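Chemist: Numbering of the sequence shown is given in UniProt numbering, commencing with residue 1 and proceeding in unit increments. Just so you know, even glycine gets a beta-carbon here, dropped at the ideal spot from N, CA and C. In this text the structure is predicted, and so the values were computed from the model without any measurement.
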Amino acid sequence: MLRFTQAVRCGRPLTRNRFYSSIPTKSRVQLVAELRKLSNAPIIKARQALDENNGDFDAAVQWLEEDMRKSGAAKAEKVKDRATSEGLISISVLGGGMGSRIRSGPGRVKASIIELNCESDFVSRTEEFARLANDISEIVAHSQTQQEDTSSPFTTLSVEDLLHLSHKSGTVGSLITDLIARIGENISLRRAMLLTSPTSSNTAYRVASYLHQGRVGALDLISLRPSQSSLFNDDSFIGDLEKLERALAKQTAGFMTLGISEKRNLEDELETVLYEQPFMMLGGENASIPVRKVLDQWQEKWGLEELAVSSFARWEVGRD
Numbered sequence: 001m002l003r004f005t006q007a008v009r010c011g012r013p014l015t016r017n018r019f020y021s022s023i024p025t026k027s028r029v030q031l032v033a034e035l036r037k038l039s040n041a042p043i044i045k046a047r048q049a050l051d052e053n054n055g056d057f058d059a060a061v062q063w064l065e066e067d068m069r070k071s072g073a074a075k076a077e078k079v080k081d082r083a084t085s086e087g088l089i090s091i092s093v094l095g096g097g098m099g100s101r102i103r104s105g106p107g108r109v110k111a112s113i114i115e116l117n118c119e120s121d122f123v124s125r126t127e128e129f130a131r132l133a134n135d136i137s138e139i140v141a142h143s144q145t146q147q148e149d150t151s152s153p154f155t156t157l158s159v160e161d162l163l164h165l166s167h168k169s170g171t172v173g174s175l176i177t178d179l180i181a182r183i184g185e186n187i188s189l190r191r192a193m194l195l196t197s198p199t200s201s202n203t204a205y206r207v208a209s210y211l212h213q214g215r216v217g218a219l220d221l222i223s224l225r226p227s228q229s230s231l232f233n234d235d236s237f238i239g240d241l242e243k244l245e246r247a248l249a250k251q252t253a254g255f256m257t258l259g260i261s262e263k264r265n266l267e268d269e270l271e272t273v274l275y276e277q278p279f280m281m282l283g284g285e286n287a288s289i290p291v292r293k294v295l296d297q298w299q300e301k302w303g304l305e306e307l308a309v310s311s312f313a314r315w316e317v318g319r320d
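(1) On a CA-only basis, which of Asp56, Lys80 and Ala141 is nearest Ser90? Give me that one, please.
(2) Give a yes or no on whether the C-beta atoms belonging to Ser39 and Leu64 are separated by under 8 Å.
(3) In chain order, what residues of the same chain lie with their CB nearer than 6 Å to the CB of Met256, ignoring the 5 residues before and after it?
(4) By how many angstroms is the C-alpha of Lys45 removed from the C-alpha of Arg215?
(5) Taking three-plus beta-carbon pairs below 8 Å as touching, is the region 179 to 187 in contact with the region 113 to 121?
(6) Can you give me the Cβ contacts of Leu248 inside the same chain, cut-off strictly under 6 Å, excluding the 5 residues immediately before and after it?
(7) Which whole-angstrom value is the C-beta distance of Leu194 and Thr145, which I expect to be below 8 Å?
(8) Leu224 by DSSP, collapsed to three states: which one?
(9) Measuring alpha carbon to alpha carbon, tell me which residue in Ala74, Ala253 and Met281 is nearest His212.
(10) Please list the segments of the alpha helix (DSSP H) lying wholly inside the region 59 to 142, counting only runs of 4 or more residues, in order along the chain.
(11) Can you tell me whether DSSP reads Ile187 as helix, strand or coil?
(12) Can you confirm whether Ser201, when its beta carbon is compared against all beta carbons of chain B, has any partner nearer than 8 Å?
(13) Considering only the beta carbon of each residue, do Leu282 and Val294 sit closer than 8 Å?
(14) Anyone know if the C-beta pair for Ser112 and Ala192 falls short of 8 Å?
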């Protein structure tokens with residue numbers, strides 16, 4: 001502790017003003033609170049971490065991480081056979097999505113869609129579970145996974161491989177195990193898919209996405225070819241396009257969409273075909289007009305050579 005003394009004589013008795021400076025020591029209560037904030041550990045575990053490490057905060061953090069890893073693995077093993085019928089769909093889009101400028105040429109658009117399951121509806125609605133689902137979808141979107149089938153922009157990914165995919169906090173598997181340790185419920189990554197747009201010198205690709213309460217998710221790959229590239233710099237065009245994209249993704253999710261221009265199976269209803277559906281999600285005077293006809297009108301309005309939904313994915317929690 002440093003002490004500063006100042007003496008002043010101004011025809012008066014000597015007076016002394018003392019100023020003290022020291023580094024404040026955090027109380028045990030404060031340290032426990034910080035440990036819980038960092039790790040989401042129970043208060044008993046946070047206290048134990050400090051006790052085991054003689055109050056050393058950094059050592060306590062490491063102790064908690066190791067303890068949670070061990071206890072998480074044990075809990076995961078214990079609950080692994082429990083059914084996981086609830087959960088969330090999560091989507092991440094990298095470039096070329098709504099809100100970004102159109103990119104044409106060799107640049108590729110990437111997006112991911114994943115389904116993360118848990119045991120109860122209560123857990124599926126928690127912030128922690130939603131954050132985990134979002135983190136995993138972002139990891140998948142940034143992965144360097146190569147397309148297995150170049151004829152399709154969608155690649156179904158191996159869940160087992162994804163669980164070993166590295167992340168700044170460990171692996172996808174360890175992220176799941178950590179949350180199992182905190183909530184005590186079984187959590188499983190059910191499926192994951194990566195969307196990578198084709199490369200083209202004269203066609204631009206955009207991704208439209210929509211999530212309905214986390215239970216239904218849709219990814220639409222939209223292709224367009226303008227007659228003049230200057231259209232990409234027209235704010236009116238971009239705004240109109242983004243409105244159309246949102247409506248297409250909501251349409252895909254809102255209807256039981258199975259095909260784009262034709263039925264997937266002969267026994268399917270006509271309303272499962274996107275282009276045949278009344279464009280209700282765009283609304284207004286277009287609400288009763290088939291999607292394909294609206295796209296034709298929009299294409300003509302802006303002088304496009306092509307405007308189409310090239311491919312799509314529509315997922316519901318618990319349904320194939």
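Modeler: Looking at the coordinates:
(1) Cα-wise, what sits closest to Ser90 is Ala141.
(2) Yes, the Cβ-Cβ distance between Ser39 and Leu64 is below 8 Å.
(3) So the qualifying residues of the chain are Thr272.
(4) Across the structure, Arg215 and Lys45 are spaced so that their CA atoms are roughly 34 Å apart.
(5) Counting C-beta pairs with one atom in each stretch, the region 179 to 187 and the region 113 to 121 have three or more that are closer than 8 Å, which means they touch.
(6) Close CB contacts of Leu248 within its chain, under the 6 Å cut and outside five residues either way in sequence, are with Ala208 and Asp220 (chain order).
(7) About 6 Å separates the Cβ atoms of Leu194 and Thr145, confirming a contact at the 8 Å cut-off.
(8) The three-state secondary structure of Leu224, taken from DSSP, is strand.
(9) The shortest Cα separation from His212 among Ala74, Ala253 and Met281 belongs to Ala253.
(10) 121 to 124 and 127 to 142, all fully within the region 59 to 142.
(11) Correct three-state label for Ile187: strand.
(12) Reference to chain B is not applicable here, since this structure consists of a single protein chain.
(13) Judged by their CB atoms, Leu282 and Val294 are nearer to each other than the 8 Å cut-off.
(14) Yes, the Cβ-Cβ distance between Ser112 and Ala192 is below 8 Å.
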